[in-house]
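Colleague: In this text, residue positions in the sequence shown follow this note's numbering: the first is 143, and each later residue adds one.
Note that CB positions come from ideal geometry on N, CA and C, so glycine has one too.
As the structure is a prediction and not an experimental result, all values here were calculated from the model.
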Amino acid sequence: MPVRNSLLTAQSNFIEDHLLVREALYPRSVLLHRSSLNEELLHEGIDKETIKSVVQYLASAAAEYGLGAVTLPAYGAGLAVGPATETAVDSLFAAESVASTVDAVASLGSKFGEFTELFSGAYDTFSDMSGNLSGFYDKLKTIVKKALKLLGKKIGDKVDGLAKKLRGILESVLSSITSAIKSGIKLLIPDATIGLAVAEGLAKIVTELAERPFTLAQKAIDKVGFLKEWVGDPSKAVAFFKDIFKQLIELMKKAGEKLKDMSWGKAILILGPVGAPLWKKFGHKGIEKAASMFEKYLPTLMSVLDKVLSVVIPVFLTALALFQILVSGEYKEKDSDKAGGDKAAAANDEPAKLAAGVVRISKNDLQKLIHESLLEHS
143 MPVRNSLLTA
153 QSNFIEDHLL
163 VREALYPRSV
173 LLHRSSLNEE
183 LLHEGIDKET
193 IKSVVQYLAS
203 AAAEYGLGAV
213 TLPAYGAGLA
223 VGPATETAVD
233 SLFAAESVAS
243 TVDAVASLGS
253 KFGEFTELFS
263 GAYDTFSDMS
273 GNLSGFYDKL
283 KTIVKKALKL
293 LGKKIGDKVD
303 GLAKKLRGIL
313 ESVLSSITSA
323 IKSGIKLLIP
333 DATIGLAVAE
343 GLAKIVTELA
353 ERPFTLAQKA
363 IDKVGFLKEW
373 VGDPSKAVAF
383 FKDIFKQLIE
393 LMKKAGEKLK
403 DMSWGKAILI
413 LGPVGAPLWK
423 KFGHKGIEKA
433 ASMFEKYLPT
443 LMSVLDKVLS
453 VVIPVFLTAL
463 ALFQILVSGE
473 YKEKDSDKAG
483 GDKAAAANDE
493 PAKLAAGVVR
503 ISKNDLQKLI
513 HESLLEHS
């Protein structure tokens, strides 16, 4: 998408417009429950660690007890079912606390000042590239060159001065979204070890701001295949988590039904020394209540995951790409660019030269005329 020609009426519109569409799918009221999932469970006498242990046990041993097996949906290649399930449940509990951090990214538009339109165009370009980060960076270089040149003419400032000012703004923006990136990535990746490694790696890129931070971030994302796909298409991540929780909730309901009339002795016989104590502490009513609460709070998680991929990561990568273009000097026109401009200017000036009696002729035509002239006078 080309850079927008008209100035935005509000400096934060470049993200807020996007969020309005998302709100139609994930109502904001979903994020404003008076109590959290953890608080509701505690009210029912169910603590977070117990429910996690029960769900993890179910995921690993359900097939053995005729409850069915949890299978990872598409885009989960390379992940183990147990850790993925446990991290997904962690994400459900953490979603509400991450929501405010993620939503704060939407207010960053006010920081860009005269560069708002430039950042908006860059952000839109990211959305259009469907995860093609290399192609996005190449397009962004062209956008930055043109935008800084036009802006310089408009406000009477030199391109290098504008670049320095924008770089300072970007440093501030990147610093302010480090927390959202770390919490969002850990929420998103269904493996605690991988998620922590990627989150810490991206945060380190921000704090150190090496000469090529975008390239480093791209490499980090490319190493996690499903994350790369999800950045290109957030709906795949939403589908992945919906699939996992649909299976878990169904499994929890089946387990509650099966254990409803089960005696303690039979529970030990069937579930063994690990599973039976969990069920004794939890009970069939506990597991059914937890399943119901999972269903209630699942839209919150889906909304936050979607915003991490549709807003936070695009803003983060766009800011990193712009910073890299500025710090590497790629915003400056090369000699080849200037030569191309000179050629274009010469072509545009051709009618004036012809009118003044200046006739331009190619080398081949000149050789042909000389040859014909020699034949006439031989």
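Less than 9 Å between the C-beta atoms of Val380 and Val244, yes or no?
Modeller: no
Colleague: Here's the rule I'm using: 16 or more other beta-carbon atoms within 10 Å means buried, otherwise exposed. How should Lys281 be labelled?
Modeller: buried
Colleague: What number of angstroms, rounded off, separates the C-alpha of Thr349 from the C-alpha of Ala211?
Modeller: 43 Å
Colleague: Do the CB positions of Ile331 and Leu275 come within less than 9 Å of each other?
Modeller: no
Colleague: Round the Cβ separation of Ala305 and Leu468 to the nearest angstrom and send it over; I've been treating them as touching at under 8 Å.
Modeller: 5 Å
Colleague: Comparing alpha-carbon positions, which option in Asn180, Gly187 and Thr227 lies nearest Phe387?
Modeller: Thr227
Colleague: Find out if the Cβ-Cβ distance for the pair Lys378, Met444 is shorter than 9 Å.
Modeller: For the 9 Å CB-CB criterion, Lys378 and Met444 do not form a contact.
Colleague: Within its chain, find whatever has a CB closer than 6 Å to the CB of Val457; leave out the 5 residues flanking it on each side and keep chain order.
Modeller: Val247
Colleague: Are the beta-carbon atoms of Pro225 and Asp333 separated by less than 9 Å?
Modeller: Cβ distance < 9 Å, so Pro225 and Asp333 count as in contact.
Colleague: Are the beta-carbon atoms belonging to Val197 and Met394 less than 9 Å from one another?
Modeller: By the CB criterion at 9 Å, Val197 and Met394 fall inside the cutoff.
Colleague: Would you mind working out which of Arg354, Phe368 and Ser325 sits nearest Ala461, comparing C-alpha positions?
Modeller: Arg354
Colleague: Closest to Lys328 by C-alpha separation, out of Ala237, Phe382 and Leu390, would be which residue?
Modeller: The option with the nearest alpha carbon to Lys328 is Ala237.
Colleague: Would Lys324 and Glu342 be called neighbours here (beta carbons separated by less than 9 Å)?
Modeller: yes
Colleague: In the DSSP assignment, the alpha helix (DSSP H) including Ile331 goes from what residue to what residue?
Modeller: It is not in any alpha helix (DSSP H) - Ile331 carries neither H nor E in the DSSP assignment.
Colleague: Mind checking Ser262: buried by the 16 CB within 10 Å criterion, or exposed?
Modeller: buried
Colleague: Pull up the distance between the alpha-carbon of Ile188 and that of Ile391, whole angstroms please.
Modeller: 16 Å
Colleague: As a quick exercise: from Lys476, Ser233, Leu214 and Gly425, pick the residue whose alpha carbon is nearest that of Val450.
Modeller: Ser233
Colleague: Hey, Ala222 and Phe382: beta-carbon distance below 9 Å or not?
Modeller: no
Colleague: Any idea if Asp448 is buried or exposed, counting beta-carbon neighbours within 10 angstroms, 16 or more meaning buried?
Modeller: buried
Colleague: If you drop the 5 nearest sequence neighbours on each side, which residues of the same chain put their C-beta closer than 7 Å to that of Val231?
Modeller: Lys194 and Val197
Colleague: How about Gly313 and Leu351: do their beta carbons lie closer than 9 Å?
Modeller: The residue asked about is misnamed: residue 313 is Glu in this sequence, not Gly. A contact, by the Cβ cut-off of 9 Å.
Colleague: Determine the closest residue to Lys431 out of Lys396, Pro441 and Gly294, with distance taken between C-alpha atoms.
Modeller: Lys396
Colleague: Only counting the same chain, and skipping five residues up and downstream in sequence, which positions put a Cβ closer than 7 Å to that of Thr267?
Modeller: Met143, Phe278, Lys281, Leu282 and Ile285, listed in sequence order.
Colleague: Near Lys287, which residues of its chain fall below 7 Å by C-beta distance, leaving aside the five closest residues on each side in sequence?
Modeller: Around Lys287: Tyr473 and Glu475.
Colleague: Residues in the same chain with beta-carbon distance under 7 Å from Gly294, minus the five sequence neighbours each way, listed in chain order, please.
Modeller: Lys300, Val301 and Leu304
Colleague: Which of the three DSSP states is assigned to Ile386 in this structure?
Modeller: helix
Colleague: Ignore the nearest five residues each way along the sequence and tell me which others in Glu256's own chain have a CB closer than 8 Å to its CB.
Modeller: Leu293 and Ile297
Colleague: Which residue from Ala433, Trp372 and Lys365 puts its Cα closest to that of Gly398?
Modeller: Checked all of Ala433, Trp372 and Lys365; the closest Cα to Gly398 is Ala433.
Colleague: Is it the case that the CB of Phe278 approaches a heavy atom of the ligand GTP more closely than 8 Å?
Modeller: With respect to the ligand GTP, the structure offers nothing, as it holds no ligand at all.
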